[in-house]
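Quick note on the numbering used here: the sequence shown kicks off at 36 and runs consecutively. Step one of this worksheet: look at the structure below.
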Amino acid sequence: MNLDWTKKEFEAYVLLYAAHCNHVEDIAEQKYIRTKVDEKTFHRIHTEVVVDSDEDNLNKIQYFVSENHFTEDEKETLLRDVKQVFFADGTVDIIEKKAYSILKKMIG
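Here you go:
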């Protein structure tokens, strides 16, 4: 696997995966992600997240984490941002809870 992402693109991928994991992307979730990444990156990465299968999403995240060094602060910030995506629409469903648990194991 060859991922040419910057850390910012990776962040966009993870946050967009979080928004898309239950197949319901709320406007509030998208608005929050747009505060973290520029519009061009948002649209390019969004397309990739939606086209990839759930398995591909998680494999890409795991691969990027294993191939790149993240500080503890970077990991904590990313996981905090994932939580913000989940809470953006006011509710966290069971699929989002499971996705967070998986992401926490992969990233944290």
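Even for Gly, the Cβ is constructed at its ideal location relative to N, Cα and C.
SER88 to LYS66, Cα distance in whole Å?
-> Roughly 23 angstroms between the two C-alpha positions.
Is it the case that the Cβ atoms of ASN92 and TYR135 are separated by a distance below 9 angstroms?
-> Going by C-beta atoms, ASN92 is not nearer than 9 angstroms to TYR135.
Going by the CB atoms, is the gap between LYS71 and ASP116 shorter than 9 angstroms?
-> In this structure, ASP116 sits near LYS71, with a CB-CB distance shorter than 9 angstroms.
Opening and closing residue of the alpha helix (DSSP H) in which ASN57 lies | Careful: ASN57 lies outside any alpha helix (DSSP H) and carries neither H nor E.
Contacts around ILE130, its chain only, beta-carbon distance under 7 angstroms, and the 5 residues preceding and following it disregarded | So the qualifying residues of the chain are CYS56, ASN57.
Beta-carbon contacts of GLN97 that lie in its chain and below 6 angstroms, excluding the five residues immediately before and after | Answer for GLN97: MET141, listed in chain order.
Considering only the beta carbon of each residue, do ALA123 and ASP39 sit closer than 9 angstroms?
-> It is not a contact, given that the beta carbons lie outside the stated cut-off.
By a C-beta neighbour count over all protein chains shown, 10 Å radius and 16 as the cutoff for buried, is VAL86 buried or exposed?
-> Classification for VAL86: exposed.
From VAL84 to THR106, what does the alpha carbon distance come to, in whole angstroms?
-> Pairing VAL84 with THR106, the inter-Cα distance amounts to about 25 angstroms.
Please classify ASP91: does DSSP put it in a helix, a strand, or coil?
-> Taken through DSSP and simplified to helix, strand or coil, ASP91 comes out as helix.
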